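Asks: Read top to bottom, the protein sequences are chains P and Y.
Start counting at 1 in the first sequence, then tack on 2, and there's your number in the numbering used here.
Start counting at 1 in the second sequence, then tack on 1239, and there's your number in the numbering used here.
C-beta: ideal position from N, C-alpha, C; glycine also.
All of these numbers come straight from a predicted model, not from anything done at the bench.
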Amino acid sequence: MIQADVTVPIGFDDEAYHAFLRSAKMFWSRRMYGALRREFAAHGLDGAQVDDAERAMRGTLGYQFFGWFERNLQRQKYRSRRGIIALVDRGRERLTLLLDQVAAEGRRSGRLSLDPDLAIPRYYSETEFHQHPGGVGVDPLAGVAYEIGRRTTMPLHLDPFAMHDAVAAAIPDDDYARILDLGCGTGRSTLPLKRRFSTAEVHGIDLSAPCLKMAYLNAEQQQLDIRWSQQNVEQTAFEAGSFDLIHSTFLLHEMPPRAVEAVVAEAARLLRPGGQFVHLDFHSPPGGTWGRFIYFGHARRNDEVFMRSFSESDFKGLQQRQGFKDIRIENFDDGTGAFEADDIPPVWRFPFQLLSARKA
Amino acid sequence: MKQQTFLADQAVDSVFGVVFALAAELYVTRNRLSALEAVLAEAGVVAVGAVEDHQPDAAAAAALDDYVEALFGPCLAREGSAELAS
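The following block contains the structure:
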């Protein structure tokens, strides 16, 4: 097992600073969200077109502050003088060296394959997804920063990684021989797949070399034999019909429509007949106009530039055209409850859904 | 990263950013002070007037300057900001 400590030294005052941000986010997700919901309903905007509701609410002070907090709490978390990037910078030299060693070890073991010549799509290199400075693919320590960030992105009472176990548990039982996790990032969604289907050959692919190094390290530290490779999910090097299950977590909403179409076509190529295609993602938020107002607003304020186009796309029809059947979009309980289309969540939450289909 | 403004205008937005940063640091300081008071009280080591008489060294003074720089950074002129009123 690799002994590599990639933790970042966080001082007493920095801990307090991030506790303040978490506390402010709690205030935002419960109190500000609740007050905004009441104001929205009082203005009679339920049932309105979402863009009309957005224009109407922009004039209200409550929505202005709600928006300010949503964008700037995340911004401060990363970019302030005590933010994640500053914390990571303190250990930059040591951590960069350490991850280089991890990558070299991964190459030797045959379980980590990086491709420095891989063509990176523009939508990926030009988007600072969820305000991650520089995106998650360039800075050698982007994976370290991403892992720190994840811990404060989820509702605060939840274990940020527990939902990946819940997703793995929700996948139909079968004797999968080969499993592929698309856009695996630091491997948090891939590890539970290997734990649940331990005899399967499990692969994780991503565009981000920094994240893949962390994924390899996370797997090795948990003694899980997973193959990691730097590839574009739109067009992989795997053989046709060579997978029984293809999965992704939080991938599709980060991609422009033509890339989503390419992924579905690639999955149709890679799956054997009857193979499963399963995603944890956000497609159709519950709560009618309110749900879309909050969700599309979040997309804009948090630099999630493709959330809305994915939400408004006909994902079922797209899969149907590529030869999938048993196509389902089901609401997923992340630990705060599962919400049906007409439900209005009492606190701010992502509209988690399990998207599944089977190749005909 | 593209600038986004939520409050009345960019000035108010920046002012609120400064207020927020101040509030964060006050939270941090209060946290440290209460911890410090507890530790000192337990040890019984604080002499009367010790804090008031304390002179910060050069490093501590520089740290305070850095703090001020970071705090008011959002108020610095931005490239591409709105035209001055004539």
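Ignoring anything shorter than 4 residues, give me the alpha helix (DSSP H) runs that lie fully in the segment 61-105 of chain P, in order along the chain.
Replies: Runs found: 63-81 and 86-92.
Asks: What does Asp15 (chain P) reach in chain Y if we use C-beta pairs closer than 7 Å?
Replies: Those within 7 Å of Asp15 (chain P) in chain Y are Val1267 and Arg1271.
Asks: Would you grab the beta carbon distance between Val235 (chain P) and Val265 (chain P) for me? Rounded to a whole angstrom, and I think it's under 8 Å.
Replies: About 5 Å separates the two Cβ atoms, so the contact holds.
Asks: Whole beta strand (DSSP E) runs in the segment 215-267 of chain P with 3 or more residues, listed along the chain?
Replies: Here the runs fully enclosed are 228-232 and 245-251.
Asks: Where does Thr192 (chain P) land, buried or exposed, given buried means 16+ other C-beta within 10 angstroms?
Replies: Its Cβ being crowded by 16 or more others within 10 Å, Thr192 (chain P) is buried.
Asks: Classify Gly151 (chain P) as helix, strand or coil using the three-state DSSP reduction.
Replies: Correct three-state label for Gly151 (chain P): helix.
Asks: If the cut is a Cβ gap below 8 Å, which residues of chain Y does Asn364 (chain P) touch?
Replies: Here chain P covers residues 3 to 362 and nothing more, so residue 364 (chain P) does not appear.
Asks: Can you check the segment 129-212 of chain P for any beta strand (DSSP E) of at least 3 residues that lies completely inside it and give the ranges in chain order?
Replies: Listed in chain order, they are 180-184 and 203-208.
Asks: Report yes or no: is there a C-beta of chain P within less than 8 Å of the C-beta of Phe1311 (chain Y)?
Replies: For Phe1311 (chain Y), the answer is no, since every Cβ of chain P falls outside 8 Å of its Cβ.
Asks: Do you know whose CA, among P:Asp305, P:Val280 and P:Ser313, lies nearest Tyr126 (chain P)'s CA?
Replies: Nearest C-alpha to Tyr126 (chain P): P:Asp305.
Asks: Tell me, please, whether the CB atom of Ala1263 (chain Y) is closer than 8 Å to any CB atom in chain P?
Replies: Interface residue, yes.
Asks: Could you tell me the boundaries of the beta strand (DSSP E) in which Arg274 (chain P) lies?
Replies: Arg274 (chain P) -> beta strand (DSSP E) spans Leu273 to Phe284.
Asks: Find the nearest neighbour of Gln103 (chain P) within the set P:Gly137, P:Asp15 and P:Met216, judged by alpha-carbon distance.
Replies: Ranking P:Gly137, P:Asp15 and P:Met216 by Cα distance to Gln103 (chain P) puts P:Met216 first.
Asks: From Leu226 (chain P) to Arg197 (chain P), what does the alpha carbon distance come to, in whole angstroms?
Replies: Distance between the alpha carbons of Leu226 (chain P) and Arg197 (chain P) is about 8 Å.
Asks: Give a yes or no on whether the minimum CB-CB distance between Gln1242 (chain Y) and chain P is below 8 Å.
Replies: Closer than 8 Å: no.
Asks: Over what stretch of residues does the alpha helix (DSSP H) that includes Ile296 (chain P) continue unbroken?
Replies: Gly290 to Arg303 is the extent of the alpha helix (DSSP H) around Ile296 (chain P).
Asks: Excluding the five sequence neighbours on either side, which residues of its own chain have a C-beta within less than 6 Å of the C-beta of Ala68 (chain P), listed in chain order?
Replies: The question names Ala, but residue 68 (chain P) in the sequence shown is Phe. Hits under 6 Å: Met34 and Leu38.
Asks: Using the C-alpha atoms, what's the distance from Lys79 (chain P) back to Ser25 (chain P)?
Replies: Their Cα atoms are separated by approximately 12 Å.
Asks: Counting pairs of beta carbons, one from the segment 134-143 of chain P and one from the segment 250-261 of chain P, are three or more of them closer than 8 Å?
Replies: No: fewer than three Cβ pairs fall under 8 Å.
Asks: Can you find a CB in chain Y that lies within less than 8 Å of the CB of Tyr19 (chain P)?
Replies: It does: the Cβ of Tyr19 (chain P) has a partner Cβ on chain Y nearer than 8 Å.
Asks: Name the chain Y residues whose beta carbon is nearer than 7 Å to that of Gly69 (chain P)?
Replies: By Cβ distance, chain Y contributes Phe1245.
Asks: Kindly list the residues whose CB is nearer than 6 Å to the CB of Phe163 (chain P), restricted to its own chain and excluding five residues on each side of it in sequence; keep chain order.
Replies: So the list reads Arg190, once near-sequence residues are dropped.
Asks: For the putative contact between Glu256 (chain P) and Phe131 (chain P), defined by C-beta atoms under 8 Å, what is the C-beta separation to the nearest angstrom?
Replies: So it is a contact: roughly 6 Å between Cβ atoms.
Asks: Compare the C-beta of Phe22 (chain P) with all C-beta atoms of chain Y and state if any pair is closer than 8 Å.
Replies: Cβ-Cβ to chain Y under 8 Å: yes for Phe22 (chain P).
Asks: Is the Cβ-Cβ distance between Lys363 (chain P) and Gly319 (chain P) less than 8 Å?
Replies: An answer regarding residue 363 (chain P) cannot be provided, because it is not within the stretch 3 to 362 covered by chain P.
Asks: In chain Y, which residues lie less than 7 Å from His83 (chain P) when you measure between Cβ atoms?
Replies: At residue 83 (chain P) the sequence reads Arg, which differs from the His that was named. The contacting residues are Ala1309.
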